[in-house]
Structure formats: C-alpha cells, structure tokens
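S.K.: Protein chains in written order, with the numbering used here: chain A, 256 to 500; chain B, 316 to 680; chain C, 87 to 395. My questions all concern the structure below.
Printed below as a string of structure tokens:
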C-alpha cells in the first residue's frame, strides 16, 4: 500500500468550551475513495476545514499530502483540490475563462494554462461551448467542469463537499463515474454526501457523531457489523437522536 | 391589529438584537455632532506665524505685538532672509509669514505708507484665504488705532447676521440632522426590507394575511421613532454643548423634521421596491442619497456657487429644502410663513414616492 | 373526494428558459403528494404559482377551489408555505419566530398548540436559542412549526429535506405522516428518490415537465424490462465491463450493487452470471429484482432524452 495521503492523530478542534472535532484519527492512502458522513453539526465541516489548511487545529497532529497542518498549511493548499456544491465556478464567466482563472490561482504559467485548457476542453467534449457563459450550461456539465477544475493542478487529494446535492439521479451517477476514474489514476478522494447510496460507493467510510468517529470501516463491514441491509440504516442507528444538541 | 403589533415587535427585536447596528444608530448622531462641533470647523486657531522684520523699529514692533495678542496667531519664528521664509514654509513650521520692508517707520512718516507683505501656504486655498483675512484685519486694526478718523474714505464694516461669531457648528448642525435622518430612515429601511427578500422570509410574509401596506408601515414605524429620537438628541446636544440657538419655534422644527423623516422613509421604501439585495440597496442609498446630501444640499458647499446643472439637480434633493427650513428656524427664527414653499416641496416628494412605492411593492414575487 | 389543488396546463417561462411546461394534475383533500425531481426541474416555480407568489403564463390553477390569480388573498389565509430556504429570522429566538408567524396570521401559538405539539415539543428545550444558531434539522422543524401555526388547510413544503441529514429526514417524514393522519393536505417537493415511497402519489418532474404521475407502486410498473442486481467486489471494473457489452441497455450503480438491464428481454439471471464469470468475475452474484422509484425515474429520463435526440 502506498504512503498515506492523509494521516491524523487525535486531531481536535475546540471553540471555547465546545469540542467540535474530538480526537479524529484517520489514515487515508493514495487512490482511496473515502466517504465522510455525519449529521448536521457533527463536526464534518470543521474537520474538512482543518484538513484543507483553513483552520488551525487545537491539538493533535496531522499531515495532508505530505505537509504538516501546523507548519505547512501553504504546501497543503497547493497539493489539494476542493469542490463544494456551491460556489465552485463563476456563472458569469465562460467555460474557458473559468478554466483560465482557476489554473491561474493554482500558479500555472501561461503556457501550461493554454495547454491544460485545451486538454480539458477536449476531454470533457466542451470545445463547442468553450466561450459560452457557464450559467446557460446544464448542471451535469457544470459539475464535470467543476470537478476537472478542482484537480487541474494535479493534487494528491481532492475534497468534495456534498458534490451531488440536488442533482438528478443520472447526473449524480455520471459524476461518480468521474470519481471512480480519477481514483483509478491514483487520486485520493475525500467526499461528503447526504445520499446514503453514494456512501456505498466509497472504499471506506467514516461516520462522525458529535465530533467523534462513531464508525470507520468498509461499507460492507459496517452493514455486517450492524446486521442491516443498507448504509441508511447504519447511519440512522449510529446517529440516533439522543443528541438534540 | 394583532398581527401588526407582532410585526412591530419583531422589527424592534431586529434593531436591538443587532448590537453593532443599534450602536451605530444611536451613537452616530453623538459622534458626528462631536466631530463636527469640535474637530471640523471653518475657523482656524493658532496660525503658526513667522516674522521677517527688515526694519526693527517702533512701528514694526507694535504691529508684531498686535499679531501676537490677536488670539489667532502664534509667534513661531523670527526669520532673517527670504530663503529662510521659503525653508520654513517647506518645513511646515509656519503657515503664514509677515514681511516688513526696510525703514518701515521712516517710510510710513515720510510717504504716509509702507508695505507689509503677507505670505501664506497656498496648498490649501481655503485655509490660506481665511488666515490672510485674519492678518488683514490685524493690520486694519492697527491702522484704525494709529490714524483714527484721520483716514478718509469709505470703509465697509461687515456684520454677520444670525451667526455673529461665525461659528461653523451653527452651519453644520442642520446639515448633520439631514444626514443622520437620511441614513437612519432611508438606508436602514431599504436594507431591512431587502434583507427579508434575500433571506426568503418576504415570501412567507407575502403568503400570509398581512397586506403589503401593513408590511410597509410595520417596517417604517420603528425607524420613524428612531429618527425622531435622533433629531431630539442632535438638537438638544447642539444647544446644550455647543450653544447653537433655536431662535424659532421648537415645535415647528420638530414638525418639519417629522415630515422630512417621512420623506426619507418613503425614499427608503422606494429603493427597496426596485432592488432585491441588501448590497444593491446599500449602494443606491449611499451613492444616491448620502453623497448628494453631503455634497449637493448646501451642507458643505453652497448651492449658489454650483454650476447650473448641479443647481438644478440639487432641487431634487430633499435635504436641500430641509437645510433651508432648519437653518431658517434655528438660526433666523423664521416662522412657517416663510418656509411653506420648502415644506410643500417635501410634501409633494413624499406623496409621489409613497404612491410609487405602494404601486411598485409587489404582492407577488 | 374533493380536489384540494387543481393544476391545468400550467406553463411558466423566465426569459429564454421554459421553467414549466403543460403541467396538469390534481391533488385530493387529505393527500400527501410528492413532486420528485432535481434542481431546475420546476418544482419551486410550480409551488410559487400555487402559493400565489407567481402568475402562470399559461393554464390555470386552483387551490381549495379558488383560482390562484383572482382569489390570491383568500388562498393566502388558508395555506401554509415553507420555502426552500428555511425562512426564519436568525436573530429571533425559536419562540419569538413561532410567535411572530402566529401573529402574522392573526392567531396565537396557544390556540393551535395541539397541531404543532408533536413537532414543537422537540424544540421547546431550546426555545430561547436564536434560530440562526440551530442545526439544519432543528431549523427545519421550526420552519414546519411556523408554517403550521395558523392551522392551514393545505401545506406546501418546498424541498424541506434538502441539506438535512438522514436522521432528521426520517423524523421529518414521520411528522408529515402524522399530519396526514389528521387529514391535512400536504404537497411536498424533494430531490431524494427514497422519499417518494412515503407519499400517497407522486409526480416525477424533469426540466419543467412531468415525466409521470401515479402512486409510488403504480409508477414503478412503468419500468418494464427485467432488472438485474449484480454484485462483485470490484464494482468499478464490473461497471466498465457491463457498459462495454453490446447488449447492455443500462448500467447504473445503486449502493453496493449495479442495476442492469439487457437488450435481450429473454435473458435469464443464470445466463448473465455465467457470462460474467467467464469474463473473470469470480465473486459475482446476479439476482432479478423489482425496480424501485429511482430505477423508474432514470428509465423515464433516458426515454425522454432518447426521444429528444
């Protein structure tokens, strides 16, 4: 197995007295599709913000893409990709402008940007709409483009925060095809979702409850452990609402 | 009625819950008044003065003493050459220099006249003009005492009516009232309505038994009261702290202010009916209301000295008329008989804006 | 049964975008009716027309027997509406929000407490907390309480479960079930296919059009090909292999299995299994299954797209 892309040990974030993420210990290896689940307010967002170098942990150790979270946050940012459901691309820019912009902020030079744009437009079959504003494209295309742009700078890992919210079932599955392909090429995927069937597509899952890891295993193993048929039932058993905050 | 009371209560919660906004709303009039009252004024005190006396006789010494005791100037430097004057200006150690020509007293006696040169730093023309005036008045004063009625000719003796001490705070208070009322009434209402549009709560309000008129009035009443509190604060502060007089009827002043508040509120509502985001509402309010209120109303720059197009535009700025009214009542003691035209302008503006707002306020999305 | 909502040939366009096209259906009194579709399917537009916030360009709609254009004021008094974003005042507490929405409809929380007790009792421990500080699930419950507080006759819930976790979603649907038992008519929209089975009847929406309209079990009957569930350890390789097959009609991942239909209608499970084993999938299992809501939705989507191309 290759060297871990994410390794955290007792990673903790506290806001005042409130422990949002409590001793998160994870090891994620290259090419893995890692699902990160939890109820609203379970600490998912905070954990992702720490792993992407946006928040400094309170305690614990962590390295992401080979960089220490405390000392190498800039290195982390350069070696990860990030895509969220909202606000990943600019609707008022054209496809080409979006690519150019994001390639630019990841520090690619002009020559590389040109080359990358051409490749991307070709591989996504978007050449014909390269100069169309994004707003008028179907959601599925936008999503593909958003994902491709997020991994344009060839990061080691990409964080996908609810990438398929509100998307129709066919587009959702096409998106997962892209995830699988990227993982085959060795990219590590860290994904959150509210669709429990998507949880089953992951190699391994982590379910957070109240800031702690409630379960961390392969989906089949989890289902076996709880003796249930679907991830939905696993989730509901784990996150059962004795926790109204 | 029950639903309207609930609506009002909610609006007051919004205002007082948002500490920062509440602080601005109530603190702003205070801070602005203090700023304008103490810090920003037209009169200039303690002008740093340099003297280049090439004569050193009894007359020049007497004039120098007059400068020193005038209260406007501080003797900063004795200068000894033209080069030194330039250097002192460049350094910024003096703002004004007085140069007496050689043999000043002798010339004065022999020829009946001698020359004093007054030099100022022209990089700020306003200041320069004012302090030149101060110097001129010191010199005039000397002339009067030295020669008395012997000097024949016509002399203009200016008397500044209504503001004999030329206190700038008297000028600023009315402008400040206009500014604060615009800000509180127009800006805050337009933001508070568009915020509901943004958050989607407007959708729910529309799909309720509330009528649009009730929503509008519910939004307006809190800011109406708030603005009125602000007017009273400003007038009281201006009178007790800065001694700004209110020579006319206080009741009339308050009534006129209430009318102006309504005008500003209807402007705010109108803005909110043509925009759907807080950001746009804020931009329109700032660029479209506050800047003209400051620049074109006569608050800082007199309307009379503006070029014709700007003068015409200024007629559409409610604050211009409010300034005339407030300055009239407070400083001149004018009665309603002289400001009914301005009042009428406000009345018409308000009616037009209100009707337009209610027409434009959509009962749907 | 009387119709609580009637929609006849409703169309709406925004500039160049046809948001709704010829939607026709009716919802009976006391029915729990679901609009299932992704973002941009026209669900929100349709809801806004029904709650009298938008005017339809074509067709007509009635709520409680009243035309949505002419009698909008009467309709507004008798319906409850929960827009897509939970429209609450973040700076007001839980209780203040509820009291405000009660007062807006000229009623009090106490008068209708029976109706919301089930939902609101879960929020009561936090009634002094600002709504902005609530979790997604709690906001959703508060928004529902606010929409119910004036005892509406028809409830419109636009994507009430979007962005809410699975546990809260489940609880929410249990609440809707109890409201329906009390006889309330409920129209709800959702992008989650698994919620469709909880409705009495559903309409599939896609790009402003209705793809299908029936009971959940009735709708799955539209799926006519035999459907196989195939499992293997290497799901991705299996997916690629199946797609490459010239006989494949459709292959989609469903949780841990792949749902597969074949162009050869007579194909049996054991034949498929043998073929896959011959391809080197040693741990593969194949079974024939009943199509679900999502299978049907996908099939209808493809059918429509196929006919367009």
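Idealized CB from N, CA, C, for every residue including glycine.
1. Thinking just about the alpha-carbon of each residue, which of A:270, A:335, A:290 is nearest to the one in residue 446 of chain A?
2. Measuring straight from C-alpha to C-alpha, what distance separates residue 261 of chain C and residue 204 of chain C?
3. Short check: CB of residue 372 of chain C to CB of residue 316 of chain C, under 9 Å?
4. Taking Cβ positions, are residue 433 of chain B and residue 378 of chain B nearer each other than 9 Å?
5. Report the rounded CA-to-CA distance for residue 661 of chain B versus residue 596 of chain B, giving the unit in angstroms.
6. Considering only their Cβ atoms, is the gap separating residue 108 of chain C from residue 400 of chain C smaller than 9 Å?
7. Pick out whichever of C:114, C:116, C:132, C:115 has its Cα sitting closest to the Cα of residue 122 of chain C.
8. Along the chain, which unbroken stretches of the alpha helix (DSSP H) at least 4 residues long are found entirely within the region 104-161 of chain C?
9. Can you grab the Cα-Cα spacing for the pair residue 142 of chain C / residue 102 of chain C, in whole Å?
10. CB-CB under 6 Å to residue 382 of chain C, same chain, minus the five flanking residues each way: which ones, in chain order?
11. Are residue 559 of chain B and residue 488 of chain B closer than 9 Å when you measure CB to CB?
12. Do residue 165 of chain C and residue 241 of chain C have their C-beta atoms closer together than 9 Å?
13. Which residue's Cα is closest to the Cα of residue 676 of chain B: B:588, B:571, B:341, B:549?
14. Put residue 346 of chain C into one of helix, strand or coil per three-state DSSP.
15. If you measure from the beta carbon of residue 186 of chain C to each beta carbon in chain B, is any gap under 9 Å?
16. Buried or exposed: residue 245 of chain C, going by 16 or more other Cβ atoms within 10 Å of its Cβ?
17. Just mark residue 478 of chain A as buried or exposed, buried being the case when its beta carbon has 16 or more other beta carbons within 10 Å.
18. For residue 150 of chain C, go through chain B and note every residue whose CB falls closer than 8 Å to its CB, in chain order.
19. Can you tell me the Cα-Cα spacing of residue 618 of chain B and residue 624 of chain B, whole angstroms?
20. Report the residues of the region 195-212 of chain C with a CB closer than 9 Å to any CB of chain D, ordered along the chain.
21. Residues of chain B with CB under 8 Å from residue 247 of chain C, in chain order?
22. What residues in the region 334-346 of chain C bring their beta carbon closer than 9 Å to a beta carbon of chain A?
23. Do residue 399 of chain A and residue 451 of chain A count as a contact pair if the criterion is CB distance below 9 Å?
24. For a cutoff of 9 Å on Cβ pairs, would you count residue 121 of chain C as touching chain B?
25. Going by the beta-carbon positions, is the gap between residue 375 of chain C and residue 283 of chain C smaller than 9 Å?
26. On the three-pair Cβ rule with 8 Å, is the region 202-220 of chain C touching the region 535-552 of chain B?
27. For residue 347 of chain B, which residues of its own chain have a beta-carbon under 8 Å away from its beta-carbon, when the five flanking residues on both sides are left out?
28. Alpha carbon to alpha carbon, how far is residue 505 of chain B from residue 392 of chain B? Give it in angstroms, no decimals.
29. Hey, residue 398 of chain C and residue 188 of chain C: beta-carbon distance below 9 Å or not?
30. For the beta strand (DSSP E) containing residue 98 of chain C, name the first residue and the last one.
31. Is residue 151 of chain C buried or exposed, if buried means 16 or more other CB atoms sit within 10 Å of its CB?
32. Output, in chain order, the set of chain B residues within a Cβ distance shorter than 7 Å of residue 163 of chain C.
33. Looking at residue 274 of chain A and the ligand MN, is the gap between the Cβ and the nearest heavy atom below 8 Å?
34. Taking contact to mean at least 3 C-beta pairs separated by less than 8 Å, is the region 596-609 of chain B in contact with the region 516-526 of chain B?
35. At the 9 Å Cβ level, is residue 486 of chain A part of the contact set with chain C, yes or no?
36. Once the 5 residues before and after residue 377 of chain C are set aside, which same chain residues still bring their CB inside 7 Å of it?
M.R.: In terms of the structure at hand:
1. For the purposes of this step, residue 446 of chain A is identified with residue 191 of the first chain, where counting begins at 1. Comparing Cα positions, the closest option is A:290.
2. Mapped onto the third chain, residue 261 of chain C falls at position 175. Mapped onto the third chain, residue 204 of chain C falls at position 118. Using only the alpha carbons, I get a separation of about 8 Å.
3. If you number the third chain from 1, residue 372 of chain C lands on position 286. If you number the third chain from 1, residue 316 of chain C lands on position 230. Going by C-beta atoms, residue 372 of chain C is nearer than 9 Å to residue 316 of chain C.
4. Translated into the one-based positions of the second chain, residue 433 of chain B becomes position 118. Translated into the one-based positions of the second chain, residue 378 of chain B becomes position 63. Cβ atoms of residue 433 of chain B and residue 378 of chain B: not closer than 9 Å.
5. By one-based count along the second chain, residue 661 of chain B stands at place 346. By one-based count along the second chain, residue 596 of chain B stands at place 281. Cα-Cα distance, rounded: 22 Å.
6. Any question about residue 400 of chain C goes unanswered here, given that chain C covers just 87 to 395.
7. Indexing the third chain from 1 puts residue 122 of chain C at position 36. Residue 122 of chain C has its Cα closest to that of C:132, out of C:114, C:116, C:132, C:115.
8. As far as the region 104-161 of chain C is concerned, its whole alpha helix (DSSP H) runs of at least 4 residues are 129-136.
9. The count along the third chain starts at 1 and reaches residue 142 of chain C at position 56. The count along the third chain starts at 1 and reaches residue 102 of chain C at position 16. Cα-Cα distance, rounded: 16 Å.
10. Sequence index remark: in the third chain, residue 382 of chain C carries index 296 (1-based). Cβ within range, chain order: 305, 306, 308, 309.
11. Numbered from its first residue, the second chain carries residue 559 of chain B at position 244. Numbered from its first residue, the second chain carries residue 488 of chain B at position 173. Yes, the Cβ-Cβ distance between residue 559 of chain B and residue 488 of chain B is below 9 Å.
12. On the third chain, position 79 is the one that residue 165 of chain C refers to. On the third chain, position 155 is the one that residue 241 of chain C refers to. Contact: yes.
13. Mapped onto the second chain, residue 676 of chain B falls at position 361. Comparing Cα positions, the closest option is B:588.
14. One-based indexing of the third chain puts residue 346 of chain C at position 260. The answer is strand: DSSP assigns residue 346 of chain C an E or B state.
15. If you number the third chain from 1, residue 186 of chain C lands on position 100. Taking CB atoms only, residue 186 of chain C has a neighbour in chain B less than 9 Å away.
16. Here residue 245 of chain C corresponds to residue number 159 of the third chain, with the count starting at 1. So residue 245 of chain C counts as buried.
17. Working through the first chain from its first residue, we reach residue 478 of chain A at position 223. By the neighbour-count definition (other C-beta atoms within 10 Å, threshold 16), residue 478 of chain A is a buried residue.
18. Position 64 of the third chain holds residue 150 of chain C. Within chain B, no residue has its CB atom less than 8 Å from the CB of residue 150 of chain C, the nearest being about 14 Å off.
19. On the second chain, position 303 is the one that residue 618 of chain B refers to. On the second chain, position 309 is the one that residue 624 of chain B refers to. Between residue 618 of chain B and residue 624 of chain B, the C-alpha separation is close to 11 Å.
20. Considering every chain present, this structure includes no chain D. Its protein chains are A, B and C.
21. Counted from its first residue, the third chain places residue 247 of chain C at position 161. Residues of chain B with a Cβ closer than 8 Å to the Cβ of residue 247 of chain C do not exist, since the nearest Cβ in that chain sits about 17 Å away.
22. Of all residues in the region 334-346 of chain C, 338, 339, 340, 341, 342, 343 have a Cβ within less than 9 Å of some Cβ in chain A.
23. Position 196 of the first chain holds residue 451 of chain A. Position 144 of the first chain holds residue 399 of chain A. Contact annotation: residue 451 of chain A and residue 399 of chain A have beta-carbon atoms that are not nearer than 9 Å.
24. Sequence index remark: in the third chain, residue 121 of chain C carries index 35 (1-based). No, residue 121 of chain C lies away from the interface with chain B (no Cβ there is under 9 Å from its Cβ).
25. Along the third chain, one-based indexing puts residue 375 of chain C at 289. Along the third chain, one-based indexing puts residue 283 of chain C at 197. Contact flag unset, no.
26. The region 202-220 of chain C, when compared against the region 535-552 of chain B, does not touch it at the 8 Å Cβ threshold.
27. Here residue 347 of chain B refers to the residue found at position 32 when the second chain is read from its first residue. Cβ within range, chain order: 491, 494, 495.
28. Mapped onto the second chain, residue 392 of chain B falls at position 77. Mapped onto the second chain, residue 505 of chain B falls at position 190. Roughly 56 Å separates the two Cα atoms.
29. There is no way to answer for residue 398 of chain C, as the model of chain C reaches only from 87 to 395.
30. Taking the first residue of the third chain as 1, we reach residue 98 of chain C at position 12. The continuous beta strand (DSSP E) containing residue 98 of chain C extends over residues 89-100.
31. As a first step, residue 151 of chain C is located in the third chain; it is residue number 65 there, counting from the start. With fewer than 16 other Cβ atoms within 10 Å, it is exposed.
32. Counting from one through the third chain, the residue named residue 163 of chain C turns up at place 77. In chain order: 524.
33. The ligand MN is not part of the structure shown, which contains no ligands of any sort.
34. No: fewer than three Cβ pairs fall under 8 Å.
35. Along the first chain, one-based indexing puts residue 486 of chain A at 231. By this cut-off, residue 486 of chain A is an interface position.
36. As a working mapping, residue 377 of chain C is identified with position 291 in the third chain. Once the five neighbours on either side are set aside, the close Cβ partners of residue 377 of chain C are 306, 309, 313.
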